[in-house]
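Here is the structure we will look at, set down as structure tokens.
In my numbering, the protein residues as written are 65 to 397.
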């Protein structure tokens, strides 16, 4: 099923979200200070993680070397009962390439580890504006290779399943890495890609053949949480080259065939909604890649993190687990 014919309906605001958004306290303006916004987000993440309680498995913080001599942080979650057949999931957090850390998606990482018996490694690539493009994606690729090389010592067996995934900026990174891994013939190969609310192409670099369906950037330019102004601001901090495939993987020069099965989550009231819809349609119809997609009409980018009590947020989280399970099942078929 393609959602590209339903774009108007997808942007119609969800009544439950509209009510909670109207009654929210002010959280400040993302345009005022990245550093202030980081502190606020990190505080929310910290409270969320503290509320999770102790993890039943094993958690290890690690240091990962990257190409310029620096090291970046990683966090490993291992199941309480280990085997030699534990799949590997490499995770990249969101935050517009400017915010977030390895704790940002800890609830999901914990659930994937404990419920699906995977070793999960979350990577803290360096952030803009201190580190502009392509530092973050170079960090992500170096970490990916290091994790793949050291999978056994981390307790994982990528031959039993090897997934790369992320949310928002982390989903963009995951798309790039899936292409790099395919082109460099990583062994064992990736078996799945998890894309939560992905950015797939810079808004100023959309190829002409996709412009008919690329409506969400204008349609949702004033959306809650993430809008056109904040996207342009964040891109200004990162300073990517719009046409560089390392930022706009829709433009990948060797195409998109022979990629692993890919799972998508897409929000209807999101300026980057059509990034996900166009890319899913391209993979499935033109490239023969197996896909699964869940779409959430009327809610904006990152709504589930901002308002976890919403019914649609709980559905988003549960769908994400089912999506990860679906990817793991592709390995066993």
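Heads up, the beta-carbon is just placed ideally off N, CA and C, and yes, glycines get one too.
If one requires a minimum length of 3 residues, the beta strand (DSSP E) runs lying completely within the segment 312-352 are 326-331, in chain order. Residue pairing by DSSP puts residue 226 in a beta bridge opposite 152. Residue 188 sits close to residue 166, with the two beta carbons spaced by under 8 Å. As a beta-bridge residue in DSSP terms, residue 138 pairs with 126 and 187.
DSSP places residue 219 in no beta strand (DSSP E); its state is neither H nor E. Under the three-state reduction of DSSP output, residue 231 falls in the strand class. Between residue 162 and residue 191, the C-beta spacing is below 8 Å.
Cβ neighbours of residue 322 within its own chain (closer than 7 Å, five residues either side excluded): 246. In the DSSP assignment, the residues bridged to residue 358 are 329.
In this structure, residue 169 lies near residue 231, with their beta-carbon atoms less than 8 Å apart.
For residue 340, the number of other beta carbons within 10 angstroms of its own is at least 16, and it is reported as buried.
Where residue 112 is concerned, the enclosing alpha helix (DSSP H) starts and stops at 98-116. Cα atoms of residue 307 and residue 315: separation of roughly 7 Å, rounded to the nearest angstrom. Under the DSSP assignment, residue 164 falls outside any beta strand (DSSP E); it carries neither an H nor an E label.
With contacts defined as CB atoms closer than 8 Å, residue 228 and residue 154 qualify as a contacting pair. Within the DSSP secondary-structure output, residue 258 pairs in a beta bridge with 229 and 327. With fewer than 16 neighbouring CB atoms inside 10 Å of its own CB, residue 386 falls in the exposed class. Shown here, residue 274 sits in a helix according to DSSP, grouped into three states.
Of the candidates 194, 253, 236 and 176, 253 places its Cα closest to the Cα of residue 213. With respect to residue 262, residue 235 sits close: the two C-beta atoms are nearer than 8 Å. Within the model, the alpha-carbon separation for residue 374 versus residue 206 is close to 37 Å.
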